[in-house]
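Chains as they are written, first to last, in the numbering used here: chain Z, 1 to 331; chain R, 1001 to 1331.
C-beta atoms are modelled at their ideal positions from N, C-alpha and C, and glycine is treated no differently.
Computed from a predicted model, the values in this text were never measured in an experiment.
Report on one structure; see the data block that follows.
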């Protein structure tokens, strides 16, 4: 459990400043107060006032997603969600969940018996038991990267994949690439299917060649690059888009093993911009998702649903971060 | 200019309660305080405190849309926007704008010279001069029912037309209708094109017949019903979806003129659920857009863009409100 001193050290301010921020004193700025509160949330420090008299309980369910440390994809999503929730006097429980648990416990029952007024779901796959229950749930629920039609209690939050993938393909075309592959995420994932369609739409719009063989699945795991890089290169592919930064790191490793350099021989683009991206050799060009803002938007959407405002979808724009893993195609 | 007494009368509370609400006294509930503030905004009353020391200026531009009175489409959108903006210490200017003004004044220039930090646009058509400028503007801007791709400074707010139109078509099918027409809004409107596509998609999905002739444009004006109702009925149409409630009111009038009754002979469904809908004879079944929440979501999206959070799109769910203008199709 963090102390006031920990917060002060992290921010480089005095203990008394932190104390003022936590207690809502009027002689520090609103923005500094907010920074103190955000940092307190991040470090796990709470005061009675922060928990509030009107606390309400929401649950953030994590299916298949890493989130424990700042370098993992889910960390900032959860942090952003909690930062805003705490300001609004909500208690947030983070609950890692399994397919087995979903098959033995009904979603609505679980929420009601535990007094949760809303749920935020990250990492769920289409075939998960609870996904079908979301069609009819009456509990305010927000899905990250998934979508349920026609249930006014369920909203969706995510990043516009189509714009991100089109930006990446245009970036590669401007550097002379035309043979571009996509090593996608997982089958049975709505977001992977959207990105597959985005790749097809963009390649078609720019009159570039593609086939089933140029869009394999990499399941968000670095090691899957082994299964695909050789085949793609033998087809004349010169640039590889990846479903996340981990796959991209695997692609770079695999190219190096084959005596090829990134970006001189092969250009590689990741997805997400997790902290790893800028530390790779070479630093990775990637399609950034603002995960802190996704988490905050997730809470805003959930709080709207709790207040009977039926937000169906909130989409954030991606941003292409150009680093060193993309270059002019070889003549 | 409204007085405290006007607010008290509207709410049926004492002047001292209103005064407490406006001045942030601690001995009234937060929800009552909010209601007092919302009503003050609606009636045009402001205190120095409401305007705030940190006021910032945003501009709400109204192109081709009625909004002056509560029975008009734009009224609640603007009210919702202003209610949230005032809470956040923004000044809102509402500016009715013409195509001529757009062609003589550049958007970014106008915003900068007037000190506006953001704009909310309602009623704009695709061919408007400013629409092309929104592709490159650097001013945080939110479009109601329009969308600009790839500009991180521009966001969009609207209602999911596809779900609304599909719900309406299913409602009619369940009552034995299969010959269903859409008298759409305006050409050159993104939202009309989306609804046209939604009608095509839904009719196709349910294996119902349609053609170019079953989806004419009604330009959001009641009188246009005259041009279409006769032709549609002669084609065997038994149910008519309309681009807004005004067109629907025109369709009812036109049916009556021809000696036909709604809903006995023809079923009619509107769009929007403006106050008129429930007062028509018969009261209108319609696809509701929550315009107050659309306005609030518009401000939330704009405020996010001002804070460099690049929300691309916020969509609300529609709701089919079933009244008396739809019934079983004649055998």
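Cβ-based burial, residue 1241(R) [other Cβ within 10 Å; buried from 16] | buried
Which of helix, strand or coil does DSSP assign to residue 1017(R)? helix
Which residues, taken in chain order from the segment 1187–1201 of chain R, show a beta carbon closer than 9 Å to some beta carbon of chain Z? none
Note to self: By the DSSP assignment, the beta strand (DSSP E) with residue 1108(R) in it spans what residues?
What the structure shows: Here residue 1108(R) belongs to no beta strand (DSSP E); instead the alpha helix (DSSP H) covers 1107–1113.
Is DSSP giving residue 1144(R) helix, strand or coil here?
-> strand
Inset, instruction - Let me know the secondary structure DSSP gives residue 184(Z) once reduced to three states. - result: strand
Using DSSP with H/G/I as helix, E/B as strand and the rest coil, what is residue 1334(R)?
The requested residue 1334(R) does not occur in the structure, where chain R is confined to residues 1001 to 1331.
### Message
Could you tell me which whole beta strand (DSSP E) segments of length 3 or greater appear in the segment 1283–1319 of chain R?
### Response
1285–1288, 1311–1316
Label residue 263(Z) either buried or exposed according to how many other C-beta atoms from any shown protein chain fall within 10 Å of its C-beta, with 16 as the threshold for buried.
buried
Discussion item. Any contact between the segment 144–157 of chain Z and the segment 182–191 of chain Z? By contact I mean 3 or more CB pairs, one from each, below 8 Å.
Written reply: yes
Item to complete: Quick one: residues in its chain with C-beta nearer than 7 Å to the C-beta of residue 331(Z), no 5 flanking neighbours on either side, listed in chain order?
Response: none
Next on the checklist: Am I right that residue 150(Z) and residue 1163(R) are in contact with their C-beta atoms under 8 Å? What's the rounded C-beta distance?
Outcome noted: 6 Å
Collapsed DSSP secondary structure at residue 101(Z) in the structure displayed: helix
**Prompt:** Is the number of C-beta pairs between the segment 276–290 of chain Z and the segment 219–235 of chain Z that are closer than 8 Å three or more?
**Reply:** no
Q.
If you follow the alpha helix (DSSP H) that residue 1033(R) is in, where does it begin and where does it stop?
A. 1030–1043
Between the CA atoms of residue 1305(R) and residue 244(Z) - distance to the nearest angstrom: 26 Å
DSSP state of residue 158(Z), grouped into three classes? strand
| field | the segment 1023–1039 of chain R / the segment 1095–1113 of chain R touching (three or more Cβ pairs under 8 Å) | value | no
Problem - Proximity to residue 1230(R) [Cα-Cα], best of 1260(R), 1206(R), 1207(R), 1246(R) - result: Answer by Cα proximity: 1260(R).
For the alpha helix (DSSP H) holding residue 1094(R), just list the boundary residues, first then last. From DSSP, residue 1094(R) is part of no alpha helix (DSSP H) but of the beta strand (DSSP E) over 1090–1096.
Under DSSP, the beta strand (DSSP E) around residue 239(Z) begins and ends at which residues? 239–242
- Query: What did DSSP end up calling residue 1060(R) once you bin it into helix, strand or coil?
  - Reply: strand
- Proximal residues, the segment 141–164 of chain Z versus chain R, C-beta separation under 7 Å: 149, 150, 152, 160, 163
request  = With DSSP as the reference, label residue 1202(R) as helix, strand or coil.
outcome  = helix
- Is residue 88(Z) close to chain R, meaning its C-beta is less than 7 Å from at least one C-beta of that chain? no
How would you list, in chain order, the residues of chain R whose beta-carbon sits under 8 Å from the beta-carbon of residue 313(Z)?
-> 1160, 1313, 1314, 1315
Examine chain R for any beta-carbon lying closer than 7 Å to the beta-carbon of residue 53(Z), and answer yes or no. Because residue 53(Z) sits at a pLDDT of 46, beneath the cut-off of 50, its placement in the model cannot be relied upon, and the following sentence gives the value as read from the coordinates. No, no contact with chain R.
query: Excluding sequence positions up to five away, which residues of its chain have a Cβ less than 6 Å from the Cβ of residue 325(Z)?
result: 262, 263, 268, 282, 284, 285
| query | Using DSSP with H/G/I as helix, E/B as strand and the rest coil, what is residue 1274(R)? | reply | coil
> Which residues in the same chain as residue 998(R) place their Cβ atom closer than 6 Å to its Cβ, once the five residues preceding and following it in sequence are excluded?
Replying inline: No answer is possible for residue 998(R): it lies beyond the span of chain R, which begins at 1001 and ends at 1331.
#### Entry: Cross-strand partners of residue 267(Z) (DSSP beta bridge)
In the DSSP output, where bridge partners are listed per residue, residue 267(Z) has 239(Z).
**Asked** Is the number of C-beta pairs between the segment 305–315 of chain Z and the segment 1312–1319 of chain R that are closer than 8 Å three or more?
**Response** yes
Cβ-Cβ distance between residue 202(Z) and residue 167(Z) below 7 Å: No, they are not a contact pair.
Fill in: Beta-carbon proximity of residue 82(Z) to residue 41(Z), cut-off 7 Å
With respect to residue 41(Z), residue 82(Z) sits close: the two C-beta atoms are nearer than 7 Å.
Do residue 1266(R) and residue 1225(R) have their beta-carbon atoms positioned less than 7 Å apart in this structure? no
query: Relative to chain R, which residues along the segment 22–47 of chain Z have a C-beta separation below 7 Å, given in chain order?
result: none
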